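Structure, as structure tokens:
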Amino acid sequence: MTSGDIQNELTMCCAHEVTKVIMEELGDRQFSVLIDESRDISVKEFLNDKGNVVERFIALHHVKDMTSQSLKDALYGILDK
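Using full-length UniProt numbering, read the sequence shown as starting at 1 and increasing by one per residue.
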């Protein structure tokens, strides 16, 4: 294995573990999904039941276009993982 391969494998393992922790935190609670293009640099804040800001980042995904169908397909692909 090259160092690049090792770095990629380590990154994927970390991403998997972080996603697992986020999903465990969510449990069966309701959650919202924000899908947006990267040109929007506004800050969005979300509060939990104690009034604390909670933000979780699951994925960054490149889409071929910004149609609702393309965004839906990308979201379903991410959630199916």
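Don't be surprised by glycine CBs; every beta carbon is placed ideally from N, CA and C.
What you are looking at is a predicted structure, and each value in this text was computed from that prediction instead of being measured.
With a Cβ-Cβ cutoff of 8 Å, do I22 and L75 count as a contact?
Residue 22 sits at position 22 when you count from the first residue of the sequence shown. Residue 75 sits at position 75 when you count from the first residue of the sequence shown. Result no, Cβ atoms of I22 and L75 do not sit closer than 8 Å.
Would you list the one or two residues that DSSP bridges to L34?
By 1-based counting over the sequence shown, the position of residue 34 is 34. Looking at the DSSP assignment, L34 forms no beta bridge with any residue, so it has no partner.
What does a CB cutoff of less than 8 Å around E25 pick up in its chain, not counting 5 residues either side in sequence?
Position 25 of the sequence shown, counted from the first residue, corresponds to residue 25. Cβ within range, chain order: R56.
Compute the Euclidean distance between the alpha carbons of I6 and H61, then round it to the nearest angstrom.
Numbered from its first residue, the sequence shown carries residue 6 at position 6. Numbered from its first residue, the sequence shown carries residue 61 at position 61. The straight-line gap from Cα to Cα measures roughly 22 Å.
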